[in-house]
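Okay, structure first, notes after.
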Amino acid sequence: AQTVTQSQPEMSVQEAETVTLSCTYDTSESDYYLFWYKQPPSRQMILVIRQEAYKQQNATENRFSVNFQKAAKSFSLKISDSQLGDAAMYFCAYRGTYNQGGKLIFGQGTELSVKP
Amino acid sequence: ETGVTQSPTHLIKTRGQQVTLRCSSQSGHNTVSWYQQALGQGPQFIFQYYREEENGRGNFPPRFSGLQFPNYSSELNVNALELDDSALYLCASSPGRQGSRGEKLFFGSGTQLSVL
C-alpha cells in the first residue's frame, strides 16, 4: 500500500524568506502524481502544485517549486519570498496509476507559520 | 472560485444517530469524492462517485454510504454514529473520471461533525 509521510509537524519562516517542506512517499508504481495542497483556516483545500512522476523537470508555480527525487521517493516544496498569506497547513498527497477510484493519499500535514 | 458548497458547516449528533451531509459540486463536474479529516490528521478517502455510481472506496465500513444525483450534487450518510466519527468531512469535485489522475480537485470548506 502506498504511504505518504511528512516528518515536520510545524515549520516557521520569516516573511520574505525561503522555506522548504519535506515529504516522502512509498509506492511500487512507476507512474503517479504528487500534489501539495494548502489548507488555510477556512478549511478549504487548495491545490498549490502538482508533479507527474514520469516528468523529470521539477514543477514550478510562481513562488512555489518542488524538488522531486523519484529514486529517493522524496517530494519537497519550496516557498520563496514567503508572505503572511502563506501561513496554513500544507499537505503532500499521492495519486497512483490505477487511481483506486480517485483516491488521494495524504500525509499528516505541516503547519507553516510566517513571522512578519 | 471553486464553487463547491457543503452543508451544514457544523453539526452535533449523539452516538448511535444517523447523519446526512450534503455537497453541491462545481458546475460541469461529474465526479465527486468524500474525505474524512480527523483533528490533526490528513484527509482520508471515503469514496468517489462518477455519474451517480460509486467507483472507488476507501477503508470505511458500510455504515458510510453515499449518493450522487443527476445534477451532480451528493450526499454522505453515516449510520450508527460513533465517537470516532467526529471529524471534518470534505467533499471534492472534478471534471473527469479516474483517467484524469493529475486533474485538480476542487474542495469545499467541509462539514465539522461532532459526535457526543
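Going line by line, the protein sequences match chains A and B.
Here the first sequence is numbered in my numbering, starting from 161 and rising by one per residue.
Here the second sequence is numbered in my numbering, starting from 15 and rising by one per residue.
C-beta: ideal position from N, C-alpha, C; glycine also.
Interface residue (Cβ-Cβ distance to chain A less than 8 Å): serine 123 of chain B is classified as such. The beta carbon of serine 167 of chain A sits closer than 8 Å to the beta carbons of Ser182, Thr184 from its chain, once the five residues preceding and following it are set aside; these are given in chain order. In the three-state DSSP reduction, aspartate 98 of chain B falls in the helix class (H, G or I).
Of all residues in the region 261–276 of chain A, the ones placed with a Cβ closer than 9 Å to any Cβ belonging to chain B are Gly261, Gly262, Lys263, Leu264, Ile265, Phe266, Gly267, Gln268, Gly269, in chain order. The straight-line gap separating the alpha-carbon atoms of serine 190 of chain A and tyrosine 250 of chain A is approximately 25 Å. Scanning chain A for C-beta atoms nearer than 7 Å to the C-beta of proline 57 of chain B yields Phe266, reported in chain order. For leucine 119 of chain B, there is no enclosing beta strand (DSSP E), as DSSP marks it with neither H nor E. 8 Å or more divides the Cβ of glutamine 268 of chain A from the Cβ of glutamine 62 of chain B. According to DSSP, methionine 171 of chain A shares a beta bridge with A:Leu272.
Residues of chain B with a Cβ closer than 9 Å to the Cβ of serine 188 of chain A do not exist, since the nearest Cβ in that chain sits about 16 Å away. Between arginine 77 of chain B and asparagine 93 of chain B, the C-beta spacing is below 8 Å. For threonine 45 of chain B, the enclosing beta strand (DSSP E) covers residues 45–51. The secondary-structure analysis by DSSP pairs leucine 130 of chain B with nothing; it has no beta-bridge partner. Identification of chain B residues near serine 202 of chain A by a Cβ-Cβ cut-off of 7 Å yields Ser123, ordered along the chain. Pairing serine 39 of chain B with leucine 81 of chain B, the inter-Cα distance amounts to about 13 Å.
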